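Scroll down for the structure; my scribbles are underneath it.
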Amino acid sequence: MNYRHAFHAGNFADCMKHAVLVWLLRALARKDKAFAVLDSHAGIGRYDLSAGPAERTGEWRAGIGRLRGGAAPELADYLGVVERLGLYPGSPAIVRALLRPGDRLVCCELHPEDAMALKRAFRGDPQVAVHQRDAWEAMGALLPFPERRGLVLIDPPYEAVDEFDRVAAALVAAHRRFPGGVLAAWYPIKARAAVRGLHDALRAAGVRDVVAAEIFLREPLDASRLNGCGMLLVNPPFGFEAAMAEMLPVLLDGLGDGERGEGTAVLRLADE
Ligand SMILES: C[S@@+](CC[C@H](N)C(=O)[O-])C[C@H]1O[C@@H](n2cnc3c(N)ncnc32)[C@H](O)[C@@H]1O
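Residue numbering for the sequence shown follows numbering that gives the first Met the number 0, beginning at 0 and increasing consecutively.
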């Protein structure tokens, strides 16, 4: 396990993922009934951008560094959560901040040091469980949630060559176990082929109600670069496509450098 999220925290891809995550959590909280969240690849939960790995790569400067202090209403909720939490929040900190009494967060993180840091961060919190556990195995064991409502966030490092295939298989399996659950998988866009493969795999498996939201900093021609990223949603909450069609261009306004081929897309891959 070479990947450490601390090097990339707050970069443009994190901002996109976390802005979408905040929207999804607000949507889940629209109904009174309790929900659970499984953060399958959780990281350490909070990142000091002014020191250590994040400071060394400086990736956050082209991400949250540009968005902070912005006044666009489409990003106000996400930026407000980030500001309120102090250190740059990873997905577990964002989810925790938006749980209501009675809602639950379950985190899996395989890296021993990162899992330990995350356990420390949530020690004594009755609404959060942290497992040092393989996400792919845990999804089989932890789904469906007893609450019958909730979100599964799948955010692997895409270090392994077959990671897109694993994500596709995990989404299909999670959907079978938890047909009503909202499933969200983040993916990098380096080249189009891998992304097309993921979309096609979901379609081929017959999964219904699938939408992809994507942001491109440039045309994905050089596969050695992170040219954009996407979130694939199964069972997106009501209003997701319309909200993303408004939010993603505003994100891109802040994050893009006007390179050729920059843009956003909200693609319906399968009808309800
Ligand atoms: C992209 S980072 C997660 C970032 C986090 N979701 C966030 O938004 O703040 C991916 C994490 O998955 C962990 N990881 C890698 N393989 C895993 C596996 N099989 N099961 C659980 N965690 C894994 C890595 O150690 C890393 O911390």
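We treat Cβ as the ideally placed atom computed from N, Cα and C, and that holds for glycine. All values reported here derive from a predicted model rather than from experimental measurement.
Burial state of Met138 is buried, judged by a 10 Å Cβ sphere holding 16 or more other Cβ atoms. According to the DSSP assignment, Trp185 belongs to the beta strand (DSSP E) that extends over Val181 to Ile188.
Within the same chain, and ignoring the five residues on either side of Leu86 in sequence, the residues whose Cβ sits closer than 7 Å to its Cβ are Arg45, Tyr46 and Asp47. Here Leu231 has Ala184 and Ala211 as same chain residues with Cβ atoms under 6 Å from its own Cβ, once five neighbours each way along the sequence are excluded. Taking Met246 as the centre and dropping the five residues before and after it, the same chain places the C-beta of Glu73 closer than 6 Å to its C-beta, in chain order. In the structure shown, Ala128 adopts extended strand secondary structure according to DSSP, grouped into three states.
Counting C-beta pairs closer than 8 Å gives three or more between the stretch 103-115 and the stretch 35-43, which meets the contact rule.
DSSP places Phe215 inside the beta strand (DSSP E), whose first and last residues are Val209 to Phe215.
Met0 has its Cβ nearer than 7 Å to a heavy atom of ligand 1. DSSP places Asp38 in the uninterrupted beta strand (DSSP E) bounded by Ala35 to Asp38. Taking non-hydrogen atoms of ligand 1 into account, the C-beta of Pro156 is found less than 7 Å away from one of them. Exclusion of the five residues before and after Met0 leaves Leu109 and His110 as the residues of its chain whose Cβ lies within less than 7 Å of its Cβ.
A Cβ-Cβ distance of about 16 Å is found for the pair Val233 and Val194, leaving them out of contact under the 8 Å criterion. Distances between the C-beta of His110 and the heavy atoms of ligand 1 include at least one below 7 Å.
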